[in-house]
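In this note's numbering, the protein residues as written are 564 to 684.
What follows is a set of notes on a single structure, which appears directly below.
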């Protein structure tokens, strides 16, 4: 299975507002692959963005699908809550079970956007 990277519709809007572009997201994911991120368990990762001004929550599906799910400003929220972490872990489990067909359906509905096309493992 080829590795693919996505961002959700909500993440896209928040990242745009925070001036975080796809190149930065792709570079940040390379850092995640190299162990330079916080593994929160259950397929949930936290990575710093935007010169440490923002944090992103990335959900992984067996390290083949990476989904940028949530972004927050460090100055307004120091971390995610335990409840948010549990919800992200549940969502990561849902993503683990979706098929390529369902991913394509989410892309067609514009709920997901694929990024990092030129990046290879």
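No residue lacks a Cβ here, since even glycine has one placed at the ideal position from N, Cα and C.
Note that the structure is predicted; figures quoted are calculated from it, not measured.
Between residue i and residue j, how many whole angstroms is the CB-CB distance? I'm expecting something under 8 angstroms.
i	j	result
residue 655	residue 612	About 19 angstroms separates the two Cβ atoms, so there is no contact after all.
residue 571	residue 674	7 angstroms
Please state whether the Cβ-Cβ distance between residue i and residue j is less than 8 angstroms.
i	j	result
residue 678	residue 595	no
residue 603	residue 648	yes
residue 581	residue 617	yes
residue 619	residue 607	no
residue 676	residue 575	yes
residue 669	residue 631	no
Counting only the same chain and skipping the five closest in sequence on each side, list residues whose C-beta sits under 8 angstroms from that of residue i.
i	result
residue 615	637
Short of 6 angstroms in beta carbon distance, which residues of its chain neighbour residue i, apart from the five on each side in sequence? Order them along the chain.
i	result
residue 605	652, 655
residue 601	609
residue 628	567
residue 643	none
Helix, strand or coil: how does DSSP classify residue i here?
i	result
residue 581	coil
residue 591	helix
residue 683	Below a pLDDT of 50, predicted positions are generally treated as unreliable, and residue 683, at 49, falls in that range; no measurement from the model is reported.
residue 570	strand
residue 619	strand
residue 637	coil
Inside the stretch 647-683 only - beta strand (DSSP E) runs reaching at least 3 residues: 675-678
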